[in-house]
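Data block below; observations after.
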Amino acid sequence: MWLTVMGPVRAWQDDSELELGPAKRQALLALLLVRSGQPTSLSTIIDVLWGQTPPSSAANVVYRHAAAVRRLLETPSGADAGEDDTPATRLVRVSGGYRLDASPSTLDLLRFRQLRGAAEDMGGTGALRDSIRLLTRALRLSRGPTASGILPHIAQHPYFMAVDREYLTAVKEAAVIATAVGEPGSVLDILQPAAAQHPLDEILQAQLVRTLAATGRQAEALQAYHAVRTRLDEQLGIAPGPELRSVHQDIMRRDAHKAPRPSPAFPAEPARARPQEPRRSLLRPSQLPPDVADFAGREAELARLDVLFPVDAPVPDDAGYVRTEPRRTHDTGNEHTPSRPPVAIVGMPGAGKTALAVHWAHRIASRFPDGQLYVDLRGIAPDGIRVTPGEAQRAFLVALGVPEREIPADRDARTDLYRSTVAGLRLLIVLDDVADSDQVRPLLPGTLGALVLVTSRDRLGGLVAREGARPLELADPSPAEAREALVRRLGGRRTEAGPDAGDAVDDIAAARARLPLASAVAGARDVQRPDGHLPCVASEFRARAVTLDEFTESGPHADIRSVFAWSYRQLAPDSARMFRLLALHPGFGIAATTAASLAGAPLELARELLAELARAHLLTEEAPDLYVLHDLLAAYARELLRGSDREDQRGLSIRRMLDHYVYTARAAATQLAPQRTEQWPLPRLQPRTTPEPLPDRERAADWLDRLLLPVLIPVAGEAAARGLHAHVCQLGLALEVHLDRRARWDKQLALQKICLLSAEAQGDLCAAAHAHRALGFAQGRLGRPVEARTHLFRALSLFTEADDPRGQGATHRALAFRANAAARHDRALDHYGQALALYRSAGDTLGEGSVLNGIGRTLVLKGDHHAALDHCARAVELSRAAGDLNGQAAAHDGLGHAHHHLGEYDRALSHYRRALGLYRELSDRCLEADVLVHVGQTQHAQGHDDLAAESWERALSVLDGLHHPEAGALRRRLAELRAGVPREASG
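When the letters of the sequence shown are read in order and numbered with the working numbering, they come out as residues 34 to 1020.
Next up, the structure:
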């Protein structure tokens, strides 16, 4: 398959162009293509397709079009599929939205970026001719403006405009390189349509004029110049800028001398009407702070920096030449050259941005013979006093040898002098602790030979978008890197002293939340306590919650509270309140809807506040609408919360959060197992609570696994501590089936114990009975038969006392299951008989069908296979009538068992496959694996050991993913099958 978005949105399969459908579907495809490989949330899609006034049906329209796009991307011939039959281009559901995965072999935009990146790599090594060939190949992939066939108002969205800007930047790069290597004609066919599309882009028009002149087409060049000059005057009321004037004057000078000289690689600004100034003697500044002595880790980040600016690549000056000696004099004429994109290292407070920048700057400093400039711009200063760009320019000019009396007070004149002074110099410029993009721009030199390295807590989105800055966002160091840093600080003698020292180092590094500044501060203390026994220190850390006291030192730059406070004080009041309230959340990841509930804010406002926190790097956006608060920042937020927010307000926020989890959990459980979720009355929903929308089963299962299970026990514990018994019971009822399906039996025990304590405290017989039954079943799953029977019989007693026949029936079923596990099949049939009578008395056909299937499975175990077929077939009928997919799956599995033991293997496989499809639809991974094992047993009995091995491998993959205790036994069985060890075929 081949897809295009650099021009009209089109798709081909082999030699046939595919029909893309209606306009909105084409626009959706175009959006997913320009964001290939990145998640795109549903809210973003709706915003792009409909703007501020989407219809109420927008979400359903998106789902319908997304399904059609997914079908479009399927590869019937398999030509684009990988070894696992996964299409090379496919649409994937992710949390809250979609992600389109493509490759350079299937999408023109990715191919363009691949070729452009290769061209940059070539250019970095000095192979400029190879670079321009790759770059022109990339540029010729374009067939017009991005997504030019979609609705015009959608095509103007920033996502599409950003691709147009990316292409335009590459065109300009190609024009510069082609002229530098003496091949200007190689890009003329690319420049001309680009210039026609952007008639007011002066730099692009200047490059077109220069290229026409360099290829001997002076008349056309002058005509192009006069045409753009007229457009600028008529449409904008301005005269041509310095780039266009410089090119025009250069052409006129050539004509005047009748001997054209080669055009310079880069344009120069026009000469000014002033006396020629003497060439000034320059100094060679070396302002980098000392390298961090015990710098460790960050290998991946250093590698990325080296890719952006290869360590062994030569650095050309403005004329394209490579110098190894400093330039001693410099003309003060106002030269202007295309600039190298700045590199921006961004991240949360204390992440080690400055340390990484300074360390890498020292690694590459020798490649900048004209010197290194450094300034701390105090973007997040404790006193709020920042270094202005003008002050930084003045300091840099003085460092370069410009007499202070010659530095103009006027801002524009000073910027002009600064850029003139650094033009042509190979300088490394480090701008540390930048507040925002505006603080950086006046300090960008506009020269090819200089590299600007920026650090900031801000994401510097404007610098990335307008100046093409290359961002590098710092995450937490890996555990191995945190350990290495601590070892370097403490020394090998202490970290290798005794068998427990190594584990102690790991624990200490983890307790410090792996934040580099925190590790540095606390590590310095440890160094000052050389006699401290590391295992004892580690034990102290494990025994207490994370606080900031361990990371407090004299001096604002070494006090973690001060470092965090600098960022916090920049926040707007609503964002600051959101930051504090996030400390109330008990887990690692927090969804936007959860945050909205905590704050009692509309979802869109909550997203804006979270986005501001993420831009300030006080929060990390892990995925669309999913955020992570670092442990130390959470500790800081808790401190602020205690001092800023009333207890009753905090309690109301927690209540809304608990309502959010309970209501969403109930909705998810109902979505996944509607017939098996107890529908007890929900507690009253607090105003301004935002439950998570769950449009389908896939989203429901994902929310439970990814967002609820990690915080389930602390959420249930918080509800119990606040006396919210209904919340606790709802969580226990909603999660029971899902936890069993996911084989999360330890978590089931923890949850149901909280439910039991809450029920007993409230005197709620039915709730206590449900908890005992769930505890008994989980204990049985974990191979603890005594504990299982104790809980189950207690549940039966309580259900009887509460006069709940359905509860009694469910408990008898669980006791029958345990009896079969102990090979007491007659006892199992007795329990099933009592359960059947109870369900029939309650008119519960769902329960009746489950019991009939259980009886059929028990009869198989007793060898009465024909009777088993009758019971399981009746179970299928009842489950189908009740709409119970789980019951149908279980009954088909039972029929498969019976047919297998009768030697009717094809029939058995037919029923197993029906069961398998239903369990997959239910997202019941545990029972899916169980049926795959049964399929393998039947295939083995047929003599198809290769197929049996394949089925067991698939089952083992599922069980391993669930960390299921039965994975080991299946792995041994699979090994025996491969080794040819004879086994009983019946299983």
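All residues carry an ideal CB built from backbone N, CA and C; glycine is no exception.
Do residue j and residue i have their beta-carbon atoms positioned less than 8 Å apart in this structure?
{"i": "residue 131", "j": "residue 728", "result": "no"}
{"i": "residue 79", "j": "residue 61", "result": "no"}
{"i": "residue 765", "j": "residue 706", "result": "no"}
{"i": "residue 815", "j": "residue 805", "result": "no"}
{"i": "residue 244", "j": "residue 265", "result": "no"}
{"i": "residue 977", "j": "residue 926", "result": "no"}
{"i": "residue 142", "j": "residue 196", "result": "yes"}
{"i": "residue 64", "j": "residue 192", "result": "yes"}
{"i": "residue 709", "j": "residue 742", "result": "no"}
{"i": "residue 929", "j": "residue 945", "result": "yes"}
{"i": "residue 375", "j": "residue 496", "result": "yes"}
{"i": "residue 152", "j": "residue 140", "result": "no"}
{"i": "residue 175", "j": "residue 70", "result": "no"}
{"i": "residue 831", "j": "residue 811", "result": "no"}
{"i": "residue 961", "j": "residue 942", "result": "no"}
Assign residue i to buried or exposed, taking buried as 16 or more other Cβ atoms, counted over all protein chains shown, within 10 Å of its Cβ.
{"i": "residue 658", "result": "buried"}
{"i": "residue 1005", "result": "exposed"}
{"i": "residue 487", "result": "buried"}
{"i": "residue 285", "result": "exposed"}
{"i": "residue 330", "result": "buried"}
{"i": "residue 856", "result": "exposed"}
{"i": "residue 859", "result": "exposed"}
{"i": "residue 576", "result": "For residue 576, the predicted structure reports a pLDDT of 48, less than 50, and the residue's modelled location is therefore unreliable. A value from the coordinates is still provided. By the 10 Å Cβ count, residue 576 comes out exposed."}
{"i": "residue 51", "result": "exposed"}
{"i": "residue 28", "result": "This structure gives no information on residue 28, because the portion of the chain shown stretches from 34 to 1020."}
{"i": "residue 809", "result": "buried"}
{"i": "residue 887", "result": "buried"}
Give the range of the beta strand (DSSP E) segment to which residue i is assigned.
{"i": "residue 622", "result": "622-624"}
{"i": "residue 504", "result": "503-507"}
{"i": "residue 1022", "result": "Because residue 1022 is not part of the residues shown, which for the chain are 34 to 1020, the question remains open."}
{"i": "residue 653", "result": "653-656"}
{"i": "residue 236", "result": "Here residue 236 belongs to no beta strand (DSSP E); instead the alpha helix (DSSP H) covers 235-247."}
Out of the options, which has the shortest C-alpha to C-alpha gap to residue i?
{"i": "residue 507", "options": "482, 732 and 648", "result": "648"}
{"i": "residue 328", "options": "320, 318, 376 and 387", "result": "387"}
{"i": "residue 169", "options": "640, 211 and 184", "result": "211"}
{"i": "residue 156", "options": "206, 172, 194 and 178", "result": "206"}
{"i": "residue 249", "options": "279, 260, 216 and 233", "result": "216"}
{"i": "residue 820", "options": "685, 848 and 714", "result": "848"}
{"i": "residue 673", "options": "642, 222, 616 and 960", "result": "616"}
{"i": "residue 337", "options": "393, 319, 320 and 687", "result": "393"}
{"i": "residue 425", "options": "379, 105 and 478", "result": "478"}
{"i": "residue 246", "options": "277, 632 and 150", "result": "277"}
Cα separation between residue i and residue j?
{"i": "residue 1010", "j": "residue 994", "result": "22 Å"}
{"i": "residue 283", "j": "residue 242", "result": "11 Å"}
{"i": "residue 403", "j": "residue 67", "result": "41 Å"}
{"i": "residue 757", "j": "residue 629", "result": "21 Å"}
{"i": "residue 427", "j": "residue 603", "result": "27 Å"}
{"i": "residue 483", "j": "residue 34", "result": "42 Å"}
{"i": "residue 751", "j": "residue 782", "result": "17 Å"}
{"i": "residue 359", "j": "residue 481", "result": "Low confidence applies to residue 359: its pLDDT is 49, below 50, so where it sits in the model is not reliable, and the reading given next is rough at best. Using only the alpha carbons, I get a separation of about 15 Å."}
{"i": "residue 85", "j": "residue 606", "result": "26 Å"}
{"i": "residue 981", "j": "residue 939", "result": "14 Å"}
{"i": "residue 873", "j": "residue 839", "result": "9 Å"}
{"i": "residue 621", "j": "residue 513", "result": "20 Å"}
{"i": "residue 128", "j": "residue 991", "result": "21 Å"}
{"i": "residue 432", "j": "residue 421", "result": "17 Å"}
{"i": "residue 107", "j": "residue 889", "result": "41 Å"}
{"i": "residue 734", "j": "residue 464", "result": "46 Å"}
{"i": "residue 935", "j": "residue 898", "result": "7 Å"}
{"i": "residue 914", "j": "residue 749", "result": "36 Å"}
I need the boundaries of the alpha helix (DSSP H) containing residue i, first residue and last residue.
{"i": "residue 76", "result": "75-83"}
{"i": "residue 778", "result": "778-795"}
{"i": "residue 470", "result": "470-473"}
{"i": "residue 187", "result": "185-188"}
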